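Going down the list, the sequences are from chains X and B.
Residue numbers for the first sequence follow the numbering used here, so the first one is 988 and each next one is one higher.
Residue numbers for the second sequence follow the numbering used here, so the first one is 40 and each next one is one higher.
Taking it in order: structure first as C-alpha cells, then the write-up.
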Amino acid sequence: MKNHVLRPLWVAIAFVALIFLVRHFMVPKDFGIHGRNFTYGFYRLGAIDDWKAIPVKYRGMAGCGECHEDKVAEHQKGPHHIIQCENCHGPALAHPDKPETLPIDRDRGLCLRCHAGLPYPTSQRANLPAIDPDKHNPGAPCVECHNPHNPEM
Amino acid sequence: MSCSRRDLLKKAMCGAVAASLPLTMFRFLSPAQAQAAVAGSGKVRWGFLVDTRKCVGCGFCVKACKMENEVPYDAPVTRTWVERYVVTRDGKTHIDSPLGGRDGFVSQKVGEETIPPEEITKAFFVPKLCNQCDNPACVQVCPVGATFQTNDGVVLIDRTWCIGCGYCIMACPYGVRFFHPIYKVAEKCTFCYHRISKGMVTACVQACPFGARRIGNLKDPNDPVTRAIMTERVAVLKDEYGTKPQVFYIGLDSNVR
C-alpha cells in the first residue's frame, strides 16, 4: 500500500494504543463487575471500604451511665427515658476524651420539638403533653422549672 | 490472491459469527460470581420500615443524620427529611418541611399559611429517605460507574470517581439525591453504611424516640422488621416507577407524594 495511506493509519493506531495505555494506569485495579450485573454492579471495590471507614459519632446511651450514673438513673425513671441523651446533648464521639464535655442546650426550641401543641387529631403528636409556647411562660428556659431528664420530678 | 465463491461464503459466515461473540464470553466466572450475577449474593438485604402513625415530627432523626454523616448543618440539603401533611375540609393538602424538619415542627403555620384547627380533617408527618431501590434509576444513568448497588442492596456513591454531572440527581424519582456543597459530588443516604456494617442501626433509627423508623435484613425471615413487612399492610412510594423501593411505610396516605 502507498505511504500516504499508511502513515495516518499508524498515527491513528498509536493514538488508540495511547488511550488504552492511559486507561490501564488511570483506572484502579479493583474496578470491575462486583455485583449483580454491569448495570448495577460496575464499580471500584474500594469505595465500599471508604464508606465503612467513616467514624461513628452517635454512640447511644448504653455507656453514659458509667460516669453519669445519677443522670441516667433519673432519666430512666421518667417519661423521657425513650429519648437518647445525644438527641439533646449532641453526638458523643469519643467523649470524654474528645470532646471533653458535651454542650448543654437550654433553648426552648429543644423541648418544643415535641411539646409545642399542634391540633393534629390523627397524629401521634396529639398524644404528647402539649403547651402553647406563646402562653406557657414565654421567654423563660423550660429547664428553669422542669427537669429535662425526668420532668415528673 | 484467488478465492472461490464457496471460500468467500464460508469465511464471511465465520466472520459474522465471530463478530457477534462478545469478549465477555471468554471470561471464566467462578461459581460464586455466577451465583452473584443471578440471585444477588449474600445473606443480607437491608430494608427500612417507617411507621408514619408513630412519627410526631420532632426532627431528631434529621439532626442526627446530618451530624453523623457530616452533611453541612445549615446548608439547605439533607439526606433524610420529615414532611408535614395537613388535609383540610375543602380537600386541599398543605405540605411543608422547614429545613427538612431538622428543628422539628413548632408552629401551627404550614409554610406561610395559618390553618384554623377546626378546618383540619387529618394531619400527619412522613419521614423520607433514600429507598435503596432494587432497580435504582440513579445507578442506571451514571456515565462513569461512580454509583452502584452493593451486594446487600445499598446504593452508594464513589466520591473519588463521581464527576458531579448531576444525571443521578435528575433521575431519582424520590428526589433524595443532592449535590454535596463541600465534596462537590452527588450525595445521598447510605443507610449509615459505616454503622450497619458494624452491627449498629442507622443514626436516624437510633435517634427516633418513638420507634417510627426501623431497619432490618429482608433476607432473614425472623428479623422483626421483615416480619412486620410480611404481616402488616405496608406500602411503598411511587410504586408505578418500577424502581422496587425497599423502604416500606405503615399508615401511608394517598396524599403523600
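Beta carbons: idealized from backbone N, C-alpha and C, even for Gly.
Since we're looking at a predicted model, the values are computed, not measured.
Contact with chain B by residue i, beta-carbon distance below 8 Å
i                  : result
CYS1072 of chain X : no
PRO1138 of chain X : no
ARG994 of chain X  : no
ILE1069 of chain X : yes
GLY1096 of chain X : yes
LYS1085 of chain X : no
LYS1064 of chain X : no
PRO1106 of chain X : yes
LEU1115 of chain X : yes
VAL989 of chain X  : The residue asked about is misnamed: residue 989 of chain X is Lys in this sequence, not Val. By this cut-off, LYS989 of chain X is not an interface position.
Where residue i meets chain X, residues with beta-carbon distance less than 7 Å
i                 : result
SER236 of chain B : LYS1039
CYS169 of chain B : The contacting residues do not exist; CYS169 of chain B stays about 13 Å from chain X at best.
LYS93 of chain B  : GLN1111
PRO263 of chain B : By Cβ distance, chain X contributes nothing, its closest Cβ being about 18 Å from PRO263 of chain B, past 7 Å.
Any chain X beta carbon closer than 8 Å to residue i
i                 : result
ALA162 of chain B : yes
ALA103 of chain B : yes
GLU107 of chain B : yes
MET298 of chain B : Since the first residue of chain B shown is 40 and the last is 296, residue 298 of chain B is not available in this structure.
ILE159 of chain B : yes
LEU195 of chain B : yes
GLN147 of chain B : yes
GLY143 of chain B : yes
GLY184 of chain B : yes
GLN285 of chain B : no
THR229 of chain B : yes
PRO156 of chain B : yes
VAL178 of chain B : yes
Listed by chain order, chain B residues near residue i by CB distance under 9 Å
i                  : result
ALA1060 of chain X : What ALA1060 of chain X touches in chain B: nothing, since even the nearest Cβ is about 19 Å away.
PRO1078 of chain X : ALA103, MET106, GLU107, ALA242
LEU1089 of chain X : Within 9 Å Cβ-Cβ: nothing; LEU1089 of chain X doesn't reach chain B, min ~12 Å.
For residue i, three-class secondary structure by DSSP
i                  : result
ILE221 of chain B  : coil
GLN188 of chain B  : strand
PHE249 of chain B  : coil
ASP129 of chain B  : coil
THR1026 of chain X : helix
ARG1031 of chain X : strand
VAL193 of chain B  : coil
VAL1043 of chain X : coil
GLY1019 of chain X : strand
ALA58 of chain B   : helix
THR270 of chain B  : helix
VAL178 of chain B  : helix
ARG1081 of chain X : The residue you asked about is not Arg; residue 1081 of chain X is Ala in the sequence shown. Three-state DSSP puts ALA1081 of chain X in a strand.
LYS1122 of chain X : coil
ALA114 of chain B  : coil
LYS93 of chain B   : coil
GLU151 of chain B  : coil
ALA1103 of chain X : strand
ILE134 of chain B  : strand
TYR213 of chain B  : coil
ALA1127 of chain X : coil
MET106 of chain B  : helix
LYS50 of chain B   : helix
TRP200 of chain B  : coil
ALA1117 of chain X : coil
Under 9 Å from the C-beta of residue i: neighbouring residues of chain X
i                 : result
TYR232 of chain B : ILE1035, TRP1038, LYS1039, ILE1041
TRP200 of chain B : PRO1015, PHE1018, TYR1030, ARG1031, ALA1034
PHE249 of chain B : ILE1069, GLN1111
VAL110 of chain B : None at all; the shortest Cβ gap to chain X is about 12 Å.
Cβ-heavy atom distance, residue i to the ligand ATP, below 7 Å
i                  : result
GLY1052 of chain X : You won't find the ligand ATP in this model; it holds no ligand whatsoever.
In DSSP terms, what residue i is bridged to
i                  : result
THR229 of chain B  : BP columns for THR229 of chain B are empty, so no partner.
LEU88 of chain B   : B:ARG253, B:PHE287
ALA1060 of chain X : Answer is none; ALA1060 of chain X lacks a bridge partner.
VAL264 of chain B  : VAL264 of chain B pairs with nothing; no bridge assigned.
VAL121 of chain B  : B:PRO166
LYS161 of chain B  : B:VAL126
LYS277 of chain B  : None; LYS277 of chain B has no bridge partner.
Beta-carbon neighbours of residue i, restricted to chain X and to distances below 8 Å
i                 : result
THR189 of chain B : GLY1022, ILE1035
PRO175 of chain B : TYR1027
Within chain B, the residues that residue i reaches when beta carbons sit closer than 7 Å
i                  : result
CYS1101 of chain X : VAL95, CYS97
GLY1047 of chain X : GLN245
Chain B residues whose Cβ lies nearer than 8 Å to that of residue i
i                  : result
LYS1122 of chain X : Near LYS1122 of chain X there are no residues of chain B at all, since even the closest Cβ is about 13 Å away, more than 8 Å.
is_contact[residue i, chain A] using C-beta, thresh 8 Å
i                 : result
THR117 of chain B : Checking the listed chains, one finds no chain A in this structure; the protein chains it contains are X and B.
Exercise for the section: Check whether the stretch 1039 to 1059 of chain X touches the stretch 1071 to 1078 of chain X, counting contact only when three or more Cβ pairs, one atom from each stretch, lie closer than 8 Å. Expected result: yes
Exercise for the section: Assess, as a yes-or-no matter, whether the stretch 279 to 288 of chain B is touched by the stretch 179 to 189 of chain B under the definition of 3 or more beta carbon pairs within less than 8 Å. Expected result: no
Practice task
Determine contact between the stretch 264 to 282 of chain B and the stretch 112 to 126 of chain B, defined as no fewer than three beta-carbon pairs at a distance below 8 Å.
Solution key: no
Exercise for the section: May I ask you to verify whether the stretch 100 to 115 of chain B touches the stretch 213 to 228 of chain B, counting CB pairs closer than 8 Å and requiring at least 3? Expected result: yes
Practice task
State whether the stretch 40 to 55 of chain B contacts the stretch 148 to 157 of chain B, with contact taken as three or more CB pairs (one from each stretch) at a distance under 8 Å.
Solution key: no
Exercise for the section: May I ask you to verify whether the stretch 1124 to 1133 of chain X touches the stretch 1084 to 1098 of chain X, counting CB pairs closer than 8 Å and requiring at least 3? Expected result: The stretch 1124 to 1133 of chain X vs the stretch 1084 to 1098 of chain X: in contact.
Practice task
Would you be able to state if there are at least three C-beta pairs under 8 Å between the stretch 198 to 210 of chain B and the stretch 1030 to 1041 of chain X?
Solution key: yes
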